[in-house]
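Novice: Here's a structure for you.
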Amino acid sequence: MSSEIKDINLWESGERKIQWVRKNCPLLSMLHDEFEKTKPFAGKKVALSVHLEAKTAYLCLTLAAGGAEMYVTGSNPLSTQDDVAAALVHAGLEVHAWHGTTPEEYEKHIRAVLEVGPDIIIDDGGDLVHMMHTEYRDLAAKVIGGCEETTTGILRLEAMNRANELLFPMVRVNNAMMKHFFDNRYGTGQSVWDGINRTTNLIVAGKIVVVAGYGWCGKGTAMRAKGLGARVIVTEIDPVKAIEAVMDGFDVMPMKEAAKLGDFFVTVTGCDKVIDAEDFAVMKDGAILSNAGHFDCEIDMAGLREIAVEKAEMRENIMGYKLPTGQWIYVLGEGRLVNLACGDGHPAEIMDMSFAIQALSAKYLVEHASELKEKLIDVPNEVDIDVAKKKLAFMGKEIDVLTPEQEKYLNSASV
Ligand SMILES: NC(=O)c1ccc[n+]([C@@H]2O[C@H](COP(=O)([O-])OP(=O)(O)OC[C@H]3O[C@@H](n4cnc5c(N)ncnc54)[C@H](O)[C@@H]3O)[C@@H](O)[C@H]2O)c1
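Numbering (our numbering), first residue to last: 29 to 443.
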């Protein structure tokens, strides 16, 4: 099948974005050059569903340099950048994606990359793997394995793993230290505020920001809100995380209370209906709502549309809803990941680490195909540490090395 994108003529703009990424992703560039020589993916078809912007495109080109036949789609209706998709097609890859897909189009694109009969799956959120296991089970036997990029995708896989339903091995890329320590925390922390700031053009200093969820992404989002001068309130369901938020200097309370106080809201829990109709009803006039969790269910958008008496687009990516009680509340990017729907996603230097882990995990799957079981597996620790060492070197930083005496001291029972 041939590619389905918005407009091939946009390729030059996409190519420039990819060149900028290339300059800022030394780890991926190193792997690109290595793969070009060693061709670890020769003869392998890779189906990939990841937010289709420039960093993802560079991952695709890196795998293609290693001999992979790439079949690419997005992982969210609003995160695909059409110029980047065009640049990949111009480079000879098959792409099925455009910005603003309907649910039917999104599903059709997922099917298109599965129907090629992939050997490797690279997923972000679990849509490829889910559809493979429900509607394309006959193609699963050919799959060597796959890699999952994000927390929500891992949660879906863990449920399948517990029920022994997985038909091929899946690598928990998100759980690698060199992924979630940096991508989820510093990547989300910076890019969420980039998305909110460029979309609203409003001041954050002096405002009240409510962050729902104090996991890896929530910590980054709250930390950067504080840095911008906001007073931050955290909502949680986990008592330990809640204490951590308190000790980090944030206020903690239930959403029912926080809803009355917030100027900005960011949900980043991976959970459903974290902000619901009761919360909308008590919000201040002008409250701005955004989501950074994988799916658009964290803000109850269906409930909001149902109770709204009026709706108006205020700026690109800002939809206003007038409540029966008279106040207007505003939702960014239709409640989809604000850093990708309203921005360019994580900084390149962050995705350099995440996608180096992705590329090396895919290589690991090929090299260990005969030994791996149909289970969830972790990124090998040596891969994580090797990526850390190389990134540190690219950052121009050195660290100490244990002397033999110190090593002996640390490994002996008697001190
Ligand atoms: N926007 C991005 O670029 C980006 C990047 C990485 C991950 N994600 C997504 O963000 C979400 C969170 O990822 P994470 O790595 O921070 O996960 P995490 O598991 O580290 O954190 C989630 C936190 O939310 C809390 N939580 C769950 N339900 C809640 C509720 N109803 N109310 C309040 N708190 C609740 C949990 O206790 C946990 O502390 C996932 O959907 C993940 O896929 C998005």
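C-beta atoms are modelled at their ideal positions from N, C-alpha and C, and glycine is treated no differently.
Just curious, the beta strand (DSSP E) that F63 is in, first and last residue?
Specialist: No beta strand (DSSP E) contains F63, which is instead part of the alpha helix (DSSP H) from P54 to T66.
Novice: Whose C-beta lies closer than 6 Å to the C-beta of L368 among residues of the same chain, with five residues either side of it excluded?
Specialist: Once the five neighbours on either side are set aside, the close Cβ partners of L368 are H79 and S107.
Novice: Looking at the strands, I want to know which residues DSSP matches up with W356.
Specialist: Looking at the DSSP assignment, W356 forms a beta bridge with K350.
Novice: For a quick check, are the C-beta atoms of A390 and L91 less than 8 Å apart?
Specialist: Contact flag set, yes.
Novice: Note down the Cα distance separating A119 from E40, rounded to an integer number of angstroms.
Specialist: Roughly 11 Å between the two C-alpha positions.
Novice: With DSSP as the reference, label R184 as helix, strand or coil.
Specialist: Note: R184 maps to helix in three-state DSSP.
Novice: What distance in whole Å lies between the Cβ atoms of V302 and A320, which are believed to be in contact at a cut-off of 8 Å?
Specialist: Wrong, their Cβ atoms sit about 11 Å apart, outside the cutoff.
Novice: Pick helix, strand or coil for S318, following the three-state DSSP scheme.
Specialist: Note: S318 maps to strand in three-state DSSP.
Novice: Pull up the distance between the alpha-carbon of D152 and that of V117, whole angstroms please.
Specialist: So the alpha carbons of these two residues sit roughly 21 Å apart.
Novice: Are there 16 or more other CB atoms within 10 angstroms of the CB of V268, so buried, or fewer, so exposed?
Specialist: Its Cβ having fewer than 16 others within 10 Å, V268 is exposed.
Novice: With distances taken Cα to Cα, identify the nearest neighbour of G71 among R364, M98 and Y214.
Specialist: That would be M98, whose Cα lies nearest to the Cα of G71.
Novice: Does the region 331-348 touch the region 372-387, meaning 3 or more C-beta pairs lie closer than 8 Å?
Specialist: They do not touch, by the three-pair rule.
Novice: What do you reckon, are the CB atoms on V100 and V157 nearer than 8 Å?
Specialist: It is not a contact, given that the beta carbons lie outside the stated cut-off.
Novice: Is V337 buried or exposed, if buried means 16 or more other CB atoms sit within 10 Å of its CB?
Specialist: Result: exposed.
Novice: Determine the DSSP secondary structure at D111, reduced to helix, strand or coil.
Specialist: Residue state, collapsed to three classes: helix.
Novice: For the candidate residues P146, K34 and A253, whose alpha-carbon lies nearest to that of K73?
Specialist: Nearest option by C-alpha distance: P146.
Novice: Applying the 10 Å Cβ sphere with the 16-neighbour rule, what's the burial state of E377?
Specialist: That one is buried.
Novice: Check whether the Cβ of T180 lies closer than 7 Å to any heavy atom of ligand 1, and answer yes or no.
Specialist: Under cutoff, so the answer is yes.
Novice: Buried or exposed for I231, please, with buried defined as at least 16 other CB atoms from any protein chain shown within 10 angstroms of its CB.
Specialist: Burial call: exposed.
Novice: Between the region 187-199 and the region 165-178, can you find at least three pairs of beta-carbon atoms closer than 8 Å?
Specialist: Yes: at least three Cβ pairs fall under 8 Å.
Novice: Could you check whether A315 and D300 sit closer than 8 Å to each other, using their CB atoms as the reference points?
Specialist: No; because the gap between Cβ atoms is not below 8 Å, this pair is not in contact.
Novice: Assess, as a yes-or-no matter, whether the region 245-261 is touched by the region 403-416 under the definition of 3 or more beta carbon pairs within less than 8 Å.
Specialist: Cβ pair count under 8 Å is below three, so no.
Novice: Pull the bridge partners of G174 from the DSSP assignment, please.
Specialist: According to DSSP, which records beta bridges pairwise, G174 is partnered with I149 and M198.
Novice: Suppose the cutoff is 6 Å on Cβ atoms and the five residues either side in sequence are ignored; what does the same chain contact list for E32 look like?
Specialist: Around E32: H124.
Novice: Across which residues does DSSP place D385 in a beta bridge pair?
Specialist: Residue identity differs from the one stated: residue 385 is Ile in this sequence, not Asp. Paired residues: none, contrary to the question.
Novice: Mind the definition here: the region 45-59 touches the region 127-135 only if three or more C-beta pairs lie below 8 Å; say whether that holds.
Specialist: Not touching, per the Cβ criterion.
Novice: Less than 8 Å between C-beta atoms, sequence neighbours within five positions excluded: which residues of the same chain meet that for N203?
Specialist: Once the five neighbours on either side are set aside, the close Cβ partners of N203 are I182, D406 and V407.
Novice: Since I believe G215 is in contact with P375 (beta carbons under 8 Å), could you give me their beta-carbon distance rounded to a whole number of angstroms?
Specialist: Rounded, the Cβ-Cβ distance is 6 Å, consistent with contact.
Novice: From N225, A168 and H161, pick the residue whose C-alpha is nearest to that of A191; which is it?
Specialist: If we check each option's Cα against that of A191, H161 comes out closest.
Novice: Quick one: grab the DSSP three-state call for T263.
Specialist: In this structure, T263 counts as strand in the three-state DSSP scheme.
Novice: Inspect the beta-carbon positions of Y358 and L332 and report whether they are closer than 8 Å.
Specialist: No, the Cβ-Cβ distance between Y358 and L332 is not below 8 Å.
Novice: Assuming M311 and G363 make a contact with CB atoms under 8 Å, what is their CB distance in whole Å?
Specialist: In fact, because the Cβ distance is near 15 Å, the residues do not count as touching under 8 Å.
Novice: Could you check where the beta strand (DSSP E) with R343 kicks off and where it finishes?
Specialist: Start and end: E338 to R343.
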